[in-house]
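**Q** Supplied in structure tokens, the structure appears directly below.
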Amino acid sequence: MKEGLINFLFLVLGSGIGVTVMSLVQAGKEADKQMKEWRNEK
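Residues are numbered in the numbering used here as their position in the sequence shown, beginning at 1, plus a constant of 597.
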């Protein structure tokens, strides 16, 4: 029972980290695009 709970926690944490990384990458791309547009306007 305890091992199953630990595995479940790892699964939740792992997927949470994966989602966080994906959204960070996406946010990074958006920020990069914004910076390029901002530089072009100046």
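For every residue, glycine included, the Cβ atom is placed at its ideal position computed from N, Cα and C. Model, not experiment: these values are computed from the prediction.
Output the distance between the C-alpha atoms of Gly625 and Gln631, rounded to the nearest integer angstrom.
**A** On the sequence shown, residue 625 is found 28 positions in, with the first residue counted as 1. On the sequence shown, residue 631 is found 34 positions in, with the first residue counted as 1. Distance between the alpha carbons of Gly625 and Gln631 is about 10 Å.
**Q** Which class does Lys639 belong to by DSSP, given the choice of helix, strand or coil?
**A** Looking up residue 639 in the sequence shown gives position 42. Reduced to three states, the DSSP call for Lys639 is coil.
**Q** Which residue spans inside the stretch 609-637 form an unbroken alpha helix (DSSP H) run of at least 4?
**A** Counting only runs of 4 or more, we get nothing.
**Q** If we ignore side chains and look at the alpha-carbon of each, how far apart do Gln623 and Gly615 end up?
**A** Within the sequence shown, the letter at position 26 stands for residue 623. Within the sequence shown, the letter at position 18 stands for residue 615. Each residue's alpha carbon lies about 12 Å from the other.
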